[in-house]
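K.L.:
Chains as they are written, first to last, in my numbering: chain A, 242 to 765; chain B, 25 to 352.
1) On a CA-only basis, which of A:295, A:385, A:348, A:489 is nearest residue 614 of chain A? Give me that one, please.
2) Below 6 Å CB to CB, which residues in the same chain sit around residue 318 of chain A once its five sequence neighbours on both sides are set aside?
3) Can you tell me whether DSSP reads residue 306 of chain A as helix, strand or coil?
4) What would DSSP say about residue 556 of chain A, mapped onto helix, strand or coil?
5) Excluding the 5 residues flanking residue 760 of chain A on each side, which residues of the same chain have their C-beta closer than 6 Å to its C-beta?
6) Do residue 70 of chain B and residue 62 of chain B count as a contact pair if the criterion is CB distance below 8 Å?
7) Over what stretch of residues does the alpha helix (DSSP H) that includes residue 726 of chain A continue unbroken?
8) Along the segment 70 to 89 of chain B, what residues have a CB closer than 9 Å to any CB found in chain A?
9) List in chain order: all unbroken beta strand (DSSP E) runs of 3+ residues lying wholly within the segment 111 to 162 of chain B.
10) By the 7 Å beta-carbon criterion, what residues does the segment 449 to 476 of chain A contribute toward chain B?
11) Would you list, in sequence order, the uninterrupted alpha helix (DSSP H) runs of no fewer than 4 residues that lie entirely inside the segment 49 to 117 of chain B?
12) In whole angstroms, what is the alpha-carbon distance linking residue 211 of chain B and residue 483 of chain A?
13) In this structure, how does DSSP classify residue 584 of chain A when only helix, strand and coil are distinguished?
14) Nearest chain A C-beta to residue 56 of chain B closer than 8 Å, yes or no?
15) Curious, which full-length beta strand (DSSP E) runs of at least 3 residues does the segment 610 to 671 of chain A contain?
16) Residue 331 of chain A to residue 413 of chain A, Cα distance in whole Å?
17) Which residues of chain A have a Cβ atom closer than 7 Å to the Cβ of residue 255 of chain B, listed in chain order?
18) Does the beta carbon of residue 571 of chain A come closer than 8 Å to any beta carbon on chain B?
19) Under 8 Å between C-beta atoms, does residue 694 of chain A make it to chain D?
20) Does the beta-carbon distance from residue 162 of chain B to residue 221 of chain B come in below 8 Å?
21) When the Cα atoms are used, what is the spatial distance from residue 273 of chain A to residue 466 of chain A?
22) Could you tell me how far apart the beta carbons of residue 143 of chain B and residue 278 of chain B are, in whole angstroms, since I believe they sit closer than 8 Å?
23) Measuring alpha carbon to alpha carbon, tell me which residue in B:238, B:274, B:270, B:275 is nearest residue 258 of chain B.
24) Please confirm whether residue 210 of chain B has its beta-carbon closer than 8 Å to some beta-carbon of chain A.
25) Pairs of beta-carbons, one from the segment 307 to 320 of chain B and one from the segment 182 to 200 of chain B, closer than 8 Å: are there three or more?
26) Hey, how far is the Cα of residue 322 of chain B from the Cα of residue 40 of chain B?
27) Residue 37 of chain B by DSSP, collapsed to three states: which one?
28) Residue 291 of chain B touches chain A at which residues, Cβ-Cβ below 8 Å?
29) Whole-angstrom Cβ separation of residue 434 of chain A and residue 277 of chain A, contact assumed at under 8 Å?
30) Would residue 256 of chain A count as contacting chain B if we go by Cβ distances under 8 Å?
31) Residue 400 of chain A: buried (16+ other C-beta within 10 angstroms of its C-beta) or exposed?
32) Helix, strand or coil for residue 247 of chain A, going by three-state DSSP, please let me know.
33) State the DSSP-derived secondary structure class of residue 693 of chain A, mapped to helix, strand or coil.
34) Can you list the residues of chain A that residue 180 of chain B reaches, using a CB-CB cut of under 7 Å?
35) Have a look at the DSSP bridge pairing and note the partners of residue 209 of chain B.
36) Rounded to whole angstroms, what is the Cα-Cα separation between residue 20 of chain B and residue 325 of chain B?
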């Protein structure tokens, strides 16, 4: 356990002064955050928890998901490759040091280090230059329309603190020494890290000197990872925690009926879909020799139209799914209603498509799914196997735990695979680039593990990367999504709905990125 | 005597090596930590680079040799998931597991022995039958079910005991203990009871069977013939003689209490080594898994050795035979 003695006095003062309205908020979910080093592991839970302690230049509004300045006060596109960011004055780190341009230059460079996992958020940044104490220029290698979105996940550390504590480089899985910033924190945020015992307990205390004003009234945050689903829910029912981020779907009816609890349902910006091997000339494990049926768009569409996605949403997912016709969720920039239209569920049409493609008798195909990654992943795949059986496609389902599943699909070993894709940047480029772009450098096609490839698509994505005009850019995104639909590059299923279970006396806002915005939590 | 111990130690070493070897074989199938470490945005080159810098691309014998070489020096490397020294992590978690296991062992003994004696002496009566029935349940119910049931009753319904965690702990040097605070004790009750149920039932049944056996023997008849009181016969003579196998079993079971605390720790989010291990398995955190398995093997080996030596001390016949050490 680490006590940040430096803040003890400040904290004591805070609790004494605010004792009238002191409120503790205790919450739980299955696993702990991997580290407090904000430029080390790009982990969804970690990023969400870090945001209460470390702040970024820009952040998403919890209700509208519009970009809002945080430690920045504004930005200005000086030239297509130069963005000038003005910084918020009078902001102090928890140890009392002032926040200024040096810290921004340091933090962004730290996130660009080789040992950082935040490459996806720093990509395209060429260099960061201090203009004066409260102004920095960010130069990009090419016009970058999503730069400000990328900045939402790059949090600010104090340069002097990091240098003093030998934490200039992000924590690295390979090093033999423990990094000070791994278990200690010094941000500018509304909460101060009081103690962290990994896998046991994490305590945050309100920062009395925070620059902003908040709606929430929480003075202390206690986070406990509780691995066992049943215990997690029991802790909520018995009142030991106020909120559970990930109650199991099976417990939901009971939680909805509990008199002192409420369930907040919200769509996550994570889309579940199937990918198909469109590269191999012959599929391993299939009875079709000498050719790959999945290369034929008719076959892919037949598989698509054979899936009754409403039945999956209703029966398998028990309502925890919003069926979708595209690869991104509605909260993501670039989504349009037009792009979200599915090929209709139609078994007869699917049979006919298969017959037209020359597989009237169907075929056997390998089908791989994770069994502990997405909500009801294994059950969905079982249901889909049964649906495909109706058109004569014998999917040989194998389910694997995520630690073996992901390396396997990355070796391109699955013929049909399930994937769920969340969009931390809230911009469609993140999905298009990883999922439908042909394999290339800089993350292009890094999760296009079915190796779908269409030069027209690649050209569109290259233009989306550079187009600075938002309207033109969104048109291009729509074109790309519609092309993916026409090509049946993937078979989209649904966007996950993630329920939070909370005590009735707590007000909070459900965010599509499954994060708790601590500034908005109110204990009544 | 010395030769016996040395031979035992050599055997122990062989066992440890075998465990390490089998564990390493299994690691080939738990998956790849690299994906977890790098997240979904990493490129294939990033993954390959990390894999090779972690030595995961080396052939199996090379990885194994490197592991054994380091382990001999007490060096288990860094946890991939937590970025800290494995030895430090285990040292941090060990007190929680040991306190839980010891408490469970004490509960099992303190409750199990008297109940066993009672069931033997009052054989056939309905209460004794009831005890035996309950013990059958205790042996057959899976631990996680008992844990969940206890949580449901005592935490959710009655609201008297906490359902997870270790509560407030006090630090004594490198050791953290929950024995010194009321909160710590409150948190200990449910997991300790859960973990003890199986052992309790086992000891109860063992004591009863041994007791019945002893009560039939000649010297008990002679003791009665001498006119000794029931109390002296039962507790002075009979129980004393049933204790030898009970002590043996309890000693050996302490090892399994530590090793099989995994399930109890998972159900109650008890921050011990078992929970650490389960989390390591999910992440494919190989250094932690390897160290844990080796430590558990070491605990079993040491307990076995101690029990063997105790036999030596307790049973004079072994010494007369010259300590061939061929027994189990």
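We treat Cβ as the ideally placed atom computed from N, Cα and C, and that holds for glycine. As the structure is a prediction and not an experimental result, all values here were calculated from the model.
P.N.:
Straight from the coordinates:
1) The shortest C-alpha separation from residue 614 of chain A is found at A:489.
2) Closer than 6 Å at the Cβ level, and outside the excluded window around residue 318 of chain A, lie 324.
3) Note: residue 306 of chain A maps to coil in three-state DSSP.
4) In the structure shown, residue 556 of chain A sits in a helix (DSSP, three-state: H, G or I).
5) The beta carbon of residue 760 of chain A sits closer than 6 Å to the beta carbons of 431, 455, 457 from its chain, once the five residues preceding and following it are set aside; these are given in chain order.
6) Yes; because the gap between Cβ atoms is below 8 Å, this pair is in contact.
7) Looking at the DSSP string, the run of the alpha helix (DSSP H) that includes residue 726 of chain A is 711 to 728.
8) Hits within the stretch, in order: 70, 71, 74, 77, 78.
9) Counting whole runs of 3 or more residues, the segment 111 to 162 of chain B contains no beta strand (DSSP E) stretch at all.
10) From the segment 449 to 476 of chain A, only 465, 467, 468, 469, 471, 472, 475, 476 have a Cβ closer than 7 Å to chain B.
11) Within the segment 49 to 117 of chain B, the complete alpha helix (DSSP H) runs of at least 4 residues are 57 to 62, 68 to 77, 84 to 96.
12) One C-alpha to the other measures close to 19 Å.
13) Three-state DSSP puts residue 584 of chain A in coil, outside helix and strand.
14) By this cut-off, residue 56 of chain B is an interface position.
15) Segments of the beta strand (DSSP E) lying fully in the segment 610 to 671 of chain A: 635 to 641, 657 to 663.
16) Going from the Cα of residue 331 of chain A to the Cα of residue 413 of chain A covers about 33 Å.
17) Proximity of chain A to residue 255 of chain B at the Cβ level (cut-off 7 Å) is not reached, the minimal Cβ distance being about 45 Å.
18) No, no contact with chain B.
19) Looking for chain D here will not work: the only protein chains present are A and B.
20) Their beta carbons are under 8 Å apart, which means residue 162 of chain B touches residue 221 of chain B by this criterion.
21) Approximately 5 Å between the Cα atoms of the pair.
22) Not confirmed; about 23 Å, so no contact.
23) Taking residue 258 of chain B as reference, the option from B:238, B:274, B:270, B:275 with the minimal CA-CA separation is B:238.
24) No, no contact with chain A.
25) They do not touch, by the three-pair rule.
26) Those two C-alpha atoms are separated by around 7 Å.
27) Per DSSP, reduced to three states, the secondary structure at residue 37 of chain B is helical.
28) Residues of chain A whose Cβ lies closer than 8 Å to the Cβ of residue 291 of chain B are, in chain order, 469, 471, 472.
29) Right, their Cβ atoms sit about 7 Å apart.
30) In this predicted model, residue 256 of chain A has a pLDDT of only 41, less than 50, meaning its place in the structure is not dependable; the value taken from the coordinates is given anyway. Taking Cβ atoms only, chain B never reaches closer than 8 Å to residue 256 of chain A, which makes this a no.
31) Residue 400 of chain A is buried by the Cβ-count criterion.
32) Summary for residue 247 of chain A: the model assigns pLDDT 43, below 50, so the residue's position carries little reliability; its value from the coordinates is reported in the next sentence. Three-state result, residue 247 of chain A: helix.
33) DSSP, reduced to helix, strand and coil, places residue 693 of chain A outside both helices and strands of the structure shown, so it counts as coil.
34) Those are 475, 478, 479, listed as they occur along chain A.
35) Looking at the DSSP assignment, residue 209 of chain B forms no beta bridge with any residue, so it has no partner.
36) This structure does not reach residue 20 of chain B, given that chain B is present from 25 up to 352, and the question cannot be answered.
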